Each structure stands twice: as C-alpha cells, then as structure tokens.
Amino acid sequence: MRGGPRAPHHAFAGTEAAWLAVVLLVSGCATRARALDPPTEADPPALLVAPSAETRHELAHAVSEALNGASVHVADDALTTESHLIITRAERRDAAGRLLLGRSTETPERFDLVKHGDACILVQERTARRWPLKSARCIRATDRTALEHALENIGWST
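Letter by letter, the sequence shown follows residues 4 to 161 in the numbering used here.
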C-alpha cells in the first residue's frame, strides 16, 4: 500500500519533466530559427552611397573577420548596385592556367547589406552575424530609383 500513493506522484513528476523538456526544446528551436531568419522589413536591403576608401576598407575588414581572417579583395563598387555580396575563394592555377586542385565544390559566402534605422549593417547569410559599417552611408535598395533621379538632376548618371 505504501508504494501505491507514490506511484502516481512519480508518474506525474515524469510527465512534468517530459513536458518541460518539450517546451524547452521547442522554445530553443524557435529562438534558433529567429536568429537565422533573413533580414525583415524592419531591416530592408540597402545600397552603399558614394563609398569612401574608409568604407571599402571597413567592408573588406568585416568580410575578412567573417571568414576567419582570410585575405579578401572587394571591388570598389561592391554593394552600390546590389544589396548582396558573394565571396568565392580564389582558384589557384598552374603556369598553363589549369586549376591546381581541380574543381572547387566550396559554397560561396553571401553577405547582405541592410539598413537598420540610420545604420548600414553587413549580415553574413550563413551565420546571421552582423557588422555595422560605421563610415558607410546607405539607402534602402528600393530607393535606388529616387537616387538615380537625384543624380541625374545634378548631372551624374548611373
């Protein structure tokens, strides 16, 4: 008889523990999913406006940091016409121009520029890590037509 009253209590405690584990698992998955979501309307895609040498250096430094210190070369017009940047590993070739290691199967890294308030933020797609570009000026990518009209009005063309 003594074991009788305890059995339901232990079964209930086991059920509570199982439910707690499920709740923690689901909330952990939801948190992980939110961290990997692409930029939302709150952080719309952006384009750099007249990037300076300092901005290009800051951009290259952020990309290098994201790639564990790898040396990177970023074009002068990077992120000025598209809000994403694709980085691929340079392929090594022999003197005859053949690939040294054969075909590369590495996935390129993608970075997106977003506007968060007045800040320009570089986001690594794979990890969702973010780097503010402090020296950068950017506009929403959807405002590009407005920028083109403004440049045409001052005699510049895009």
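Quick reminder that beta carbons are idealized off the backbone N, C-alpha and C, glycines included.
A quick note: this is a predicted structure, and the numbers were derived from the prediction, not measured.
- Task: Give the straight-line distance between the Cα atoms of Pro42 and Val117, rounded to the nearest whole angstrom.
- Result: Taking the first residue of the sequence shown as position 1, residue 42 is located at position 39. Taking the first residue of the sequence shown as position 1, residue 117 is located at position 114. With a pLDDT of only 48 at Pro42, under 50, the local geometry of the prediction cannot be trusted, and the value read off the model is given with reservation. Per the coordinates, the alpha-carbon of Pro42 lies some 7 Å from the alpha-carbon of Val117.
- Message: Can you find the residues in the same chain that come closer than 7 Å, C-beta to C-beta, to Arg147, ignoring five residues on each side of it along the sequence?
- Response: Mapped onto the sequence shown, residue 147 falls at position 144. For Arg147, where only same-chain residues beyond five positions count, the Cβ hits under 7 Å are Leu50.
- Return the first residue and the last residue of the alpha helix (DSSP H) that Ala69 is part of. Against the sequence shown, residue 69 aligns to sequence position 66. Boundaries of the alpha helix (DSSP H) around Ala69: Ala56 to Ala69.
- Query: Run through DSSP, which three-state label would Asp97 get?
  - Reply: As a first step, residue 97 is located in the sequence shown; it is residue number 94 there, counting from the start. Coil, per DSSP.
- Could you pull out every unbroken beta strand (DSSP E) segment of at least 3 residues lying fully inside the region 108-136, listed in chain order? List check, beta strand (DSSP E) in window: 112-119, 122-127 and 133-135.
- Task: Report the residue from Arg59, Ser86 and Ile142 whose alpha carbon sits nearest the alpha carbon of Arg113.
- Result: By 1-based counting over the sequence shown, the position of residue 113 is 110. Looking from the CA of Arg113, the closest CA among Arg59, Ser86 and Ile142 belongs to Ser86.
- Task: Please state if the CB of Pro47 and the CB of Arg143 are separated by a distance shorter than 8 Å.
- Result: For this step, residue 143 is matched to residue 140 along the sequence shown. For this step, residue 47 is matched to residue 44 along the sequence shown. Less than 8 Å divides the Cβ of Arg143 from the Cβ of Pro47.
- Task: With DSSP as the reference, label Ala49 as helix, strand or coil.
- Result: The residue given as residue 49 occupies position 46 in the sequence shown. Of the three classes helix, strand and coil, the one that applies to Ala49 here is strand, per DSSP.
- In this structure, what does DSSP give as the bridge partners for Arg143? For the purposes of this step, residue 143 is taken as residue 140 along the sequence shown, with counting starting at 1. Note: Arg143 sits in a beta bridge opposite Ala49.
- Item | Burial state of Asp115 (16 or more Cβ within 10 Å) | As a working note, residue 115 is residue 112 in the sequence shown. Classification of Asp115: buried, given that the 10 Å Cβ count is 16 or more.
- Task: Take Glu94 as the anchor and find which of Leu82, Glu109, His119 and Cys141 has the nearest alpha-carbon.
- Result: To locate residue 94, count along the sequence shown from 1; it is residue 91. Answer by Cα proximity: Glu109.
- Message: Residues in the same chain with beta-carbon distance under 8 Å from Ala99, minus the five sequence neighbours each way, listed in chain order, please.
- Response: Translated into the one-based positions of the sequence shown, residue 99 becomes position 96. Closer than 8 Å at Cβ, skipping near neighbours: no residue.
- May I have the straight-line CA-CA distance separating Ala36 from Gln127, to the nearest angstrom? Reading the sequence shown from its first residue, position 33 is the one you call residue 36. Reading the sequence shown from its first residue, position 124 is the one you call residue 127. At Ala36 the pLDDT is 35, less than 50, meaning the model places this residue with poor confidence; the figure from the coordinates comes in the next sentence. Going by the C-alpha atoms only, they are around 15 Å apart.
- Using the Cα positions of Thr145 and Ala73, report the straight-line distance between them to the nearest angstrom. Here residue 145 is taken as the residue at index 142 of the sequence shown, counted from 1. Here residue 73 is taken as the residue at index 70 of the sequence shown, counted from 1. So the two alpha carbons sit approximately 32 Å from each other.
- Grab me the residues of Cys141's own chain with a C-beta within less than 7 Å of its C-beta, minus the 5 sequence neighbours each way, in chain order. Here the question's residue 141 lines up with position 138 in the sequence shown. Taken in chain order, the residues that qualify are Ala49, Leu50, Leu51, Val52, Leu116, Lys118 and Cys123.
- Item | Run of the beta strand (DSSP E) containing His87, from where it starts to where it stops | In the sequence shown, counting from the first residue as 1, residue 87 sits at position 84. Following the DSSP letters along the chain, one finds His87 inside the beta strand (DSSP E) bounded by residues His87 to Ile90.
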